[in-house]
Structures are given as C-alpha cells and as structure tokens.
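One structure is given here, and the rest of the page talks about it.
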Amino acid sequence: MKNKTAIITGASTGIGKEIAKLFIEKGCNVVMNASTEENLQKAYKELGSPVNAALLVGDISKQETSKQLVALALEKFNSIDVLINNAGIFAPKPFLEVEESDLELYWNVNLKGTYFTSQAVIPSMVAQKNGAIINIGTVLVDHAIAGFPATAPLMSKGAIHALTRQLAAEFGNDNIKVNTIAPGIIRSPLQSKIGIEDADSLAGLHLLNRIGEVTDIAEAAYYLAFSNFITGETMNVAGGHTVGHAI
C-alpha cells in the first residue's frame, strides 16, 4: 500500500496512535492529527519520526481543522485515500445529571468532528473514484449496559453509526467505502480517564474473557481501509461482547 495516504484523527495516543503506527509500517503516508501539540510530537518521536508522516495540531470539532488536514495531505502526499475518524471523547455520567454543555461537547467533538472531516475529504475521493472512510463507534450503541450510564456520549456515537450508513449509500457509486468499527473494552489511556483503573476486571463482558488491545482495532482499520467490497457496515471488534458474556 505504498503511496496510499491516510488521515488519522486523534492519533497521539491509544487506538489512534496504534493505527498510525501500523499504517506507517505498511508504507502508507499518514497525516496525524491531535488537539495537543506536545502529545502529537511525543507520539511522532516514539514512532521513530517517520518521513512518511506529517503532523497537524488542531481541534477536530472546528471545521477549519478538517480543511487544513486535507490541504496538508494533498500538499505533502498528493492524494487522500483513507480517512480514520478516530478522535473522540467518552465518559460515563448519570442521565439525570447531564447538562446542555455535556451534550454540546460530545456533539461537537464526536459527531461534528467526524462529519466535517468526512465532508472535507470526500471531494478528493470522488475525483479519484476511490476512497475509504472508517469511523469509530462503540458496541454500546447496540448493547447497553445498565451499570455504565453514558447517554450523552452514546447519543453522539449512535449518530456516527447512522452517518456511516447514509454516507455509504450516497457515495457508493463513487467507489467510496464507509464503515464503522465498534470496539469493545480496549486497553488504552481512555480507561483510566473514565475511572476504570483495572480494565481487565471487565474481561467477562466479552465471550473471549479478555479485553481488547489497540492492535486489534488497528488491524481491523487496516483491513477495512483496503477492502474493496465492504461498505455501510458496523464491524464489532469486541471479543463477542454483542453476542453474550463470559460471566
């Protein structure tokens, strides 16, 4: 896949960083985005300062950031073949405590970020009659857990699942494949941020009786990025989470 170009948002830590690592190792050109310059520079150096990567610091909830990502990709690498809409935030909060500011935050970062970045890359993909967009959702959209109150972020993630299907329908004739990856519990910095200190304690939520690793999501993203006949789908990468539990 040399000379293919991927834009990856939220690429400084966790899942996004691992996706960037895999795509870079496979020879793809990668534009890495994150909202914090320090974290993005650190990730870049940890990946070996690869020559086939470019960095853009910016808030993905701002439409201007999406335009800058496209401009950088075209300037540096002359094409945009893959978009991974990974940037997002997620934290539990009881429904009766959710405020308007919470809804606006998730709507802006999770949904608007995905929406505007997709909107920015699609003209280039239409022109070349090829492209792949991969959104990051969650298995919790279709498999709610009573003990994990998360209506505010789940609403935005559910909208992303719906957006995926509609974009796949509208741009299928242009050979643009649009899919969602819905992770289960994945070992990443997100877990500690939302107060889960022992992520392995949630292993029983998955039939494989373990939590996932960031490599599991990265491998799925790479597969979908270069698959020619999958679109409009939600791929659960969740160890059987949506089928049943090991507890």
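Per our numbering, the sequence shown starts with residue 1, numbered consecutively.
Ideal Cβ positions, reconstructed from N, Cα and C, are used throughout, including at glycine.
Just so it is clear, the structure is predicted and the values come from calculations on it, not from any experiment.
For Leu167, same chain residues with a beta-carbon under 6 angstroms away, outside a window of 5 residues either side, are Val178 in chain order.
Nearest C-alpha to Thr5 among Ala20, Ser12 and Phe229: Ala20.
Excluding sequence positions up to five before and after Arg187, its CB lies within less than 6 angstroms of the CB of Ala199, Ile211 and Glu213, all in the same chain and listed in chain order. The DSSP assignment places 214–225 as complete runs of the alpha helix (DSSP H) inside the region 204–240, in order along the chain (cut-off: 4 residues).
Going by DSSP, Thr117 is part of the alpha helix (DSSP H) stretching over Gly113 to Gln128. Per DSSP, the unbroken beta strand (DSSP E) holding Pro183 starts and ends at Ile176 to Pro183. For a cut-off of 8 angstroms, the C-beta gap from Leu47 to Leu56 is around 15 angstroms, too long to register as a contact.
With 16 or more neighbouring CB atoms inside 10 Å of its own CB, Lys157 falls in the buried class.
Here Ile60 is buried, its C-beta having at least 16 other C-beta atoms within 10 Å. When DSSP assignments are scanned along the region 1–86, the uninterrupted stretches of alpha helix (DSSP H) that are 4 or more residues long and fall wholly within it turn out to be 14–25, 37–46 and 63–77. Bridge partners of Gly131 according to DSSP: Ile176. Rounded to whole angstroms, Asn173 and Asn29 show a C-alpha spacing of 26 angstroms.
Residue range Thr151 to Phe171 is occupied by the alpha helix (DSSP H) that includes Thr151. With a threshold of 16 other beta carbon atoms within 10 Å, Gly27 falls short and is exposed.
Within a 10 Å sphere around the beta-carbon of Val139 sit 16 or more other beta-carbons, which makes this residue buried. Pairwise C-beta distances place the region 75–91 in contact with the region 130–144, as three or more of them are shorter than 8 angstroms. Going by beta carbons, Pro153 and Phe95 fall outside the 8 angstroms limit. The beta carbon of Leu224 sits closer than 6 angstroms to the beta carbons of Ile134 and Asn179 from its chain, once the five residues preceding and following it are set aside; these are given in chain order.
Distance check between Ile15 and each of Gly184, Lys2, His241 and Ile160 places Gly184 closest, using alpha-carbon atoms only. With respect to Phe116, Ser35 sits apart: the two C-beta atoms are not nearer than 8 angstroms. In this chain, the alpha helix (DSSP H) harbouring Glu100 covers Glu100 to Tyr106.
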